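Student: In the numbering used here, the protein residues as written are 27 to 218.
Even for Gly, the Cβ is constructed at its ideal location relative to N, Cα and C.
Note that this is a predicted model, so its numbers are computed, not measured.
Please find one structure pasted underneath; my questions will follow.
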């Protein structure tokens with residue numbers, strides 16, 4: 027039975043695509059060139075060959091982007107990401123330099139409100155890029171992240187880390203979601 031992305035329900039695994047995936051080929055080729063450190067014809071061609079082999083041998087399920095880019099939301103997302111990056115870097119540096127005190131940590135469960143693979147992935151990546159937090163497991167079926175967090179002393183710190191993750195998801199949604207995706211998401215956020 028063949029399915030299209032339009033009738034997928036949250037948690038379903040989309041049908042894998044076979045064939046050429048141009049955005050993936052271009053992205054993998056760019057990464058290859060960056061890894062080799064020089065823009066040469068040989069690097070581009072070898073990167074393209076590797077990208078074709080990778081996409082044919084390891085086809086990924088399609089990620090459907092039906093959203094729209096919101097400039098204001100994207101600016102807020104990037105701005106807050108930079109702020110959190112700087113603040114977390116200072117905090118983790120302080121914890122690392124403390125002699126005789128081991129930093130406390132926890133693995134917390136965060137149930138995201140969006141059921142889109144794209145928004146789940148973007149939220150997880152942004153959370154993992156901030157020092158002091160790392161996504162250790164993801165459950166696609168329930169849009170749940172398991173997040174390892176440094177500097178957790180009590181339940182209030184756990185709840186603050188959970189709220190921070192949910193705020194990150196909300197910023198991703200406000201930056202990229204379509205009106206049809208954003209309206210139910212925001213009504214769920216307000217309802218909680």
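For residue 165, which beta-bridge partners are listed by DSSP?
Tutor: For residue 165, which the question treats as bridged, DSSP gives the partners 170.
Student: Straight-line CA distance for residue 152 to residue 194?
Tutor: For residue 152 and residue 194, the distance between alpha carbons rounds to 8 Å.
Student: Tell me, please, whether the CB atom of residue 103 is closer than 8 Å to any CB atom in chain D?
Tutor: Protein chains in the displayed structure number just one, and chain D is not present.
Student: Rounded to whole angstroms, what's the CA-CA distance from residue 24 to residue 97? Just pull it up for me.
Tutor: Outside the modelled stretch of the chain, which goes from 27 to 218, sits residue 24, for which no answer is possible.
Student: Tell me, please, which residues DSSP counts as bridged to residue 159.
Tutor: The partner list for residue 159 (beta bridge, DSSP) reads 175.
Student: For residue 53, tell me which candidate among 63, 78 and 66 has the shortest Cα-Cα distance.
Tutor: Nearest option by C-alpha distance: 78.
Student: Go through its chain and collect everything with a Cβ distance to residue 106's Cβ below 7 Å, but skip five positions before and after it.
Tutor: Around residue 106: 197.
Student: What does DSSP give as the partner residues of residue 135 in its beta bridges?
Tutor: Beta-bridge pairing links residue 135 to 172.
Student: Along the chain, where does the alpha helix (DSSP H) that runs through residue 55 open and close?
Tutor: Start and end: 48-62.
Student: Quick check: what's the CA-CA separation for residue 22 versus residue 203?
Tutor: Residue 22 lies beyond the stretch modelled for the chain, which goes from 27 to 218, so this question has no answer here.
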